[in-house]
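Q: Heads up, the sequence shown is in the numbering used here, so the first residue is 246 and it goes up one at a time. No residue lacks a Cβ here, since even glycine has one placed at the ideal position from N, Cα and C.
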Amino acid sequence: MDGFKKYIHKGRSYIPKVTIRKNGVLAFNSGAVHKYDLDLYKYAILYISDDRTRVAVKFTNSEKESGILQIQSRPGNFQVSARTFFGLYDIDWSENRNYDFLWNNTDKTAIFRVKEPDIKKQREKLIAIKNKQ
C-alpha cells in the first residue's frame with residue numbers, strides 16, 4: 246500500500262517506561278527499546294543528580310568508558326543490574342516501580358525522577374544563604 250507503513254511490532258506497551266525491579270535491575274520496556282533503538286547499544290552508564298532525585302542512564306557501545314554496565318538483552322527483556330547503584334544512593338527497590346522518562350537524543354540518555362526533591366532542605370539552604378548575606 247503506497248503511503249502507508251505496515252505495523253509489524255508486537256509488545257504489551259509502546260509508551261516508553263523504565264522500571265526499577267525488586268530484584269535490583271533497571272529495565273526498559275519494549276516501547277522504549279523500539280522508540281529509541283536501545284537494542285543498538287551494548288552498555289549503559291548510570292548517573293545520579295546532585296540532589297539524588299533523578300537518575301540518568303546513558304547508552305553507549307564504547308568499552309573504554311568508565312562505569313559501563315553490560316546490558317542484558319533478550320526478546321522482551323532489556324535491563325542492567327543496578328543493585329549496587331540503588332544501595333549506594335538509597336534508591337528504594339523493595340518493589341517494582343515504573344517511571345516515565347525524558348530522552349536526550351544528543352547524549353542518548355534516559356532521565357527519570359526517583360524521589361521528590363526535599364523542599365524543607367532546599368528552604369533551609371536558602372535561609373542559611375540569606376542569613377550569611
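Please determine, among P261, G269, K251, M246, the residue with the shortest C-alpha to C-alpha distance to G332.
A: The sequence position of residue 332 within the sequence shown is 87, counting from 1. Checking every option, the nearest Cα to that of G332 belongs to G269.
Q: According to the neighbour-count rule (16 or more other Cβ atoms, all chains shown, within 10 Å of its Cβ), is L283 buried or exposed?
A: On the sequence shown, position 38 is the one that residue 283 refers to. Its Cβ being crowded by 16 or more others within 10 Å, L283 is buried.
Q: Would you please state the rounded distance, in angstroms, between the beta carbons of V300 and I293? I believe it to be under 8 Å.
A: Residue mapping note: residue 300 aligns to position 55 of the sequence shown, counting from 1. Residue mapping note: residue 293 aligns to position 48 of the sequence shown, counting from 1. So it is a contact: roughly 6 Å between Cβ atoms.
Q: Between I260 and S326, what straight-line distance do the alpha-carbon atoms span, to the nearest angstrom?
A: The residue given as residue 260 occupies position 15 in the sequence shown. The residue given as residue 326 occupies position 81 in the sequence shown. One C-alpha to the other measures close to 22 Å.
Q: Measure the CB-CB distance between E340 and T298 and report whether it falls below 8 Å.
A: Numbered from its first residue, the sequence shown carries residue 340 at position 95. Numbered from its first residue, the sequence shown carries residue 298 at position 53. No, Cβ-Cβ distance for E340 and T298 is not below 8 Å.
Q: If you follow the beta strand (DSSP E) that F357 is part of, which residue opens it and which one closes it?
A: Here residue 357 refers to the residue found at position 112 of the sequence shown. Where F357 is concerned, the enclosing beta strand (DSSP E) stretches over 354-358.
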